[in-house]
Structures are given as structure tokens and as C-alpha cells.
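This report concerns only the one structure given below.
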Amino acid sequence: MSPLIADETRHCDVLVVGSGGAALSAALRAASAGLSVLVAEKSAWLGGTTAMSGGATWVPANHHASAAGLADSPEEALRYLSASAPDGWSQTEAALWQAFAEGAGEMLQFIERHTPLKFALTSEADPLPDVPGAKSQGRMVAPLPLRSSVIRQKGWKIRPSPLPQLYTYHETIGLDIWHHPLRESLRMAPKLVWRAVTRTRTKGAALIAGLLEGCLRLGCQVETQARVETLLTSSDRQVSGALINQRGRLLRILTSRGVVLACGGFEWDAQRRQRHFPGAMDFIASPTTNSGDGHRMAEAVGAELAHMDQATIGGGIPGRYLGERYGLSVFFQYEPNAILVNRQGQRFVNEFTFNLGEALDEREADGSPKQLPAWLIADASLLSRSPLLRYYAWRTPGWLRRAPTLTALAAQTALPPAALQASVTRFNDFCLRGEDGDFQRHRAQAHGKSDTRLRGGLLPIKRAPYIAIPFNRTFLATKGGPRTDRYGRVQHKDGGTIQGLFCAGVAMANPIGTRAVGAGTTLGPNLTWGYLCGRTLAEGVPETFLPEALSCRD
């Protein structure tokens, strides 16, 4: 079918591509100003990675912290963002950090006013406590449970999560589900049964349900199985709409205000992923729809792409999701008798460090991975303490390696046996002293972390059989894409702004990259960037910045 011949033409003020947190936040803010909004989701499921998530949301200077007497300010948040960022990032990201720090609290209040969602503080601290501007509590929130019946229009399918959704995020970090799933389930049984009977959603599913209902109340049109294939341009650097393929029918959508790209990362685009993340990987923990559509379309109209080597990365375990092989992002390295070693058999990181993905993705000068392939090394007591890990190992033969000696384990993993033995011996010596002389892992508990998954401490690796688990990169989302200004407007590679084109979430050149600053620094900033895009579409750029905006069109 020719892209110039459409089956139908529609008009709206704003087209939002995607249906995750950033997308629905943008749609909600734009619609609240009376703009007509069309949300296009290429899957049959709504919610993207957000719906699959734990719902942890990092929002500095929010009203819940203020009500609890926890002092915070946009200035302190900006100090924390600036001080924790990689070298050189402030030159390009300072204005975006400031916009986020100033807009995050406003975003959270707006969402609670215009949706049935309510959030509550968690007990978590900023995970980089020594960085100026860090807070011991108050920036982490998560949605409270929400019944499916809040969505008055029936028939919408919210993307299911591969992890149990009956527990709230607050309960997940407060209980010890990882080590004692049966005990915790029995303790929570009445509440869990009631949630199942009443079809109550928690975590990311609750977040999407609430955002969706807010958007529908404000008149947003939502289309599923609607893949946006091409951006339409009315002139050089002016986006005027898009072509959508919806179940074989081609729709021409013409917009009066703009198009927001919030359709996820490019981790499922194998070619692009290999270009920017060469080397070993284990799993992808996002929907297969995150295949870089926004990147491709933005590139086609001249957008500047940046931070393409940034991603939310961790370890993963094998699972099944909607009938397909899938990686569960689980922090199973938080165990006292487990270490991570690189391909030389050498320990290379504090296993309890928050920014573990940055260590896993460390690069050589030529861009190739420095540490990979990596392995988690432990002993038999790891499995006796972790029934869920034992279950997933049973379901996936060959994933977890066992051997009676470290030498035999080295043969199974192609690790240098002498180096592996030396690494384990050195770690065991640290355990006897109670102090990690290489990476100070023993200090992890001093940060006051409440997450019971973090069972800090040092226990020796000495009980056969010895265990090795692949621990390469598992992708939750890539974080590179079209560069934007503080208003969410996409920038052209030759300078200036592409009028009518906005980008938010992990589809954008995210100003918080692999080096995250809190457990919720995917959702919190993404919701805020969507909100800022919607606000710009509704209100325009403040007059003080109008000369800059006009010059961009020259």
C-alpha cells in the first residue's frame, strides 16, 4: 500500500505514540487543557514497560514528603542530579535536570488531581547517600492499590506483569518474598485473596489503570494495534502528523499542535542494540514492542540522537511471558555468599552497589565490553536460602551450572581456574575478617536500606556444589534517543528545533542514563518528561524563551 494513500484521515491537536507512563502523562496534561488527544499503541496491550514494573517512582520535592515533614527542594534535587552525573554531562543536561527537578513535584500533584491514583511514600533512601543533595527518605513513592473497576469504559487490556501483582511495591520491599515466598503469602493471604476477588491492581498496573482512566475522562481517544509508521511533515523541520497502520488500514493523522514520541526504547531492535551495546547479554525484560520505532521515525526527519549507549541494565533470570522466553529483572546478587567475576575470573564490583548496570556495561576504548561475559559465583547454600531461584533454575535446565570443585566450575564456564580460585579465596578471607577490603561491601547495611532483598554481609563460599550463573546485561530499557530541550521539543541534528515533534521517557536522550540516582529513576522522570511535553503543547513556551523558539524556525 502506498504511504500516500490513506483509508481514513483524522484530525486532532496532539498525537501520542505509545501508552506507557510517559505517554499517558503527556496525554493527560494536554487533554486537561482542552486539547483533543489521540493515543496510539501498536500492541493489543496498554501500558508498555510501566505496566510490568514495580511502580517505584522517584519524585524529589513532592507534597507527600512535605506533609510528612521531610524537607526537600528542587535546588537540592538538582544538586544531587548534578553531583551524581557522569563527567561532562552537565554541559548538555543541566537545563533538563533543572526542568525535571522543578516539574516533578508539580507532576505528581497533577496526576493525583486528575486521576483516581494515590501515592504513598516508601521508606527508601536515595541510594547514593554521600552525594550532595541526597535524602534519607521522601523522594520515593509508589501507587496505592486500585480496583480495575475505576476504568469505567470496559474492554481495555492492561499489559500483565511477569511478577506477582497482588503485592504492592511497599509490601514487596517490606516483606521477604524472595527468601520466604510461602510464609509471606500465608501471612498476607486474606488481603491477597480480597485483591484477587475485587480485581485490584497494584504496582505498575495500578499506575497505568489510573492514568488511563484519567485520560479517558478527559476525552482522549485510545487506539490499540495501531502502529505509527511514518511522521508527516508540512515543511522543513515541521511535523504535522503521522501515518498509522491499524490492523491493515492506513490512517492519516493530522495534528495542529504536535506529535509526542513515547514508545519505549530500542532494545528489541537487534541491529541497533548490537551497534550500541556489543558483546554478551542475557535477557530483555521489556515488551517486544520496544523496537525503536520512535528512533527510526525521528531520525528520518533529521533528529539528533544522543546517549545511545545508555540503558537500565541489571542481572536477570529466565522466565516465560505471554508464551515467550523472557528475562525477569531480579536482584539475586544481593546475597552474602555470592560474588561477581569477569571473564578473567576476577571480582570487579561491589555486588550491592546500586549502579551495578554501569559496572556490567563498562567499556574498553573501542567500545567493546570490558568485563563480559560475567558470572555470579556462589555455593550450595545460595539455593537453600532462595527457593525462587531454585525454582527458575529447575525450569531452565543448563542455565545454572553446578560443580563439585571450583576447578570443575571453571571448566564449565571457560574461566581461568587459578584466577577463580584466587578470587574466591580472597573473598573468603574478607569474610573471616568481616570486612570487604576490595569493594567495602560490608558497608552496604550502613545506608539504612529497607529493602529486605538486600541481605548484606559477608559469608564464605565453601559448601559444594559450587554454583555459577550467567550475569551479563539484562535490558529493562535503553535510554538513548532524540535529544530534546527542557520543554520536550526534539532537536534537529543541524541545530534548532523540529517544530511539532516532542519526545519523552526512555525513547528520548534521557538526561539520567545508566547511572541512575534512585530505584524509581525510570518511572519518576519519565512521568515528568511526559507531563512537561503535555504542558508545552497546552501552554507553549514561556514568553521569556520566545526569541529562542522563533530563531529555531529560521
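Residue numbering for the sequence shown follows the numbering used here, beginning at 2 and increasing consecutively. Glycine residues also receive a C-beta, built at the ideal position from the N, C-alpha and C atoms.
In the three-state DSSP reduction, residue 501 falls in the strand class (E or B). Per DSSP, the unbroken alpha helix (DSSP H) holding residue 294 starts and ends at 294-301. Per the C-alpha coordinates, the member of 295, 307, 319 positioned closest to residue 286 is 319.
Uninterrupted alpha helix (DSSP H) stretches at least 4 residues long and entirely within the region 374-402 occur at 381-386, 388-396, given in chain order. Under the three-state reduction of DSSP output, residue 353 falls in the coil class, being neither helix nor strand. Bounds of the beta strand (DSSP E) holding residue 232 are 227-236.
Bridge pairing for residue 306: 483 [DSSP]. As DSSP reads the structure, residue 470 sits in a beta bridge with 377. For residue 417, same chain residues with a beta-carbon under 8 Å away, outside a window of 5 residues either side, are 345, 346, 411 in chain order. Per the coordinates, the alpha-carbon of residue 337 lies some 20 Å from the alpha-carbon of residue 473. The three-state secondary structure of residue 216, taken from DSSP, is helix. Between the beta-carbon of residue 413 and that of residue 396 there is about 20 Å, and that puts the pair past the 8 Å contact cut. Annotation: residue 259 is outside any alpha helix (DSSP H); the continuous beta strand (DSSP E) that includes it extends over 250-262. When secondary structure is reduced to three states using DSSP, residue 319 falls in the strand class. Straight through space, the alpha carbons of residue 389 and residue 536 are spaced by roughly 44 Å. With a threshold of 16 other beta carbon atoms within 10 Å, residue 408 falls short and is exposed.
Shown here for residue 365: same chain residues with a beta carbon closer than 7 Å to its own, the five before and five after excluded, namely 371 in chain order. For residue 241, the three-state secondary structure derived from DSSP is strand. Counting only the Cα atoms, residue 269 lies some 7 Å from residue 290. Taking 9 Å as the cut-off, the beta carbon of residue 531 is found no closer than this to the beta carbon of residue 59.
Under DSSP, residue 10 shares a beta bridge with 253.
Distance between residue 283 and residue 399, taken at the CA atoms: about 13 Å. Residue 392 and residue 505 have their C-alpha atoms some 38 Å from each other.
Look at residue 518 here: in three-state DSSP terms it is coil, with no helix or strand label. Residue 436 has its alpha-carbon roughly 20 Å from the corresponding atom of residue 377. For residue 141, the enclosing beta strand (DSSP E) has its first and last residue at 141-144.
Residue state for residue 59 is assigned as strand, using DSSP reduced to three classes.
When the alpha-carbon of residue 519 is set against those of 175, 42, 28, 85, the nearest one is in 85. The beta-carbon distance between residue 266 and residue 51, rounded to whole angstroms, is 12 Å. This is too long to meet the 8 Å contact definition. When rounded, the separation of the alpha-carbon atoms in residue 217 and residue 511 is 28 Å. Pairing residue 130 with residue 105, the inter-Cα distance amounts to about 21 Å. Comparing alpha carbon positions, the residue from 463, 442, 182 closest to residue 425 is 463. The three-state secondary structure of residue 335, taken from DSSP, is coil. Within the model, the alpha-carbon separation for residue 136 versus residue 502 is close to 35 Å. For residue 289, the secondary structure class from DSSP, reduced to helix, strand or coil, is coil.
Annotated three-state conformation of residue 99 is helix, per DSSP.
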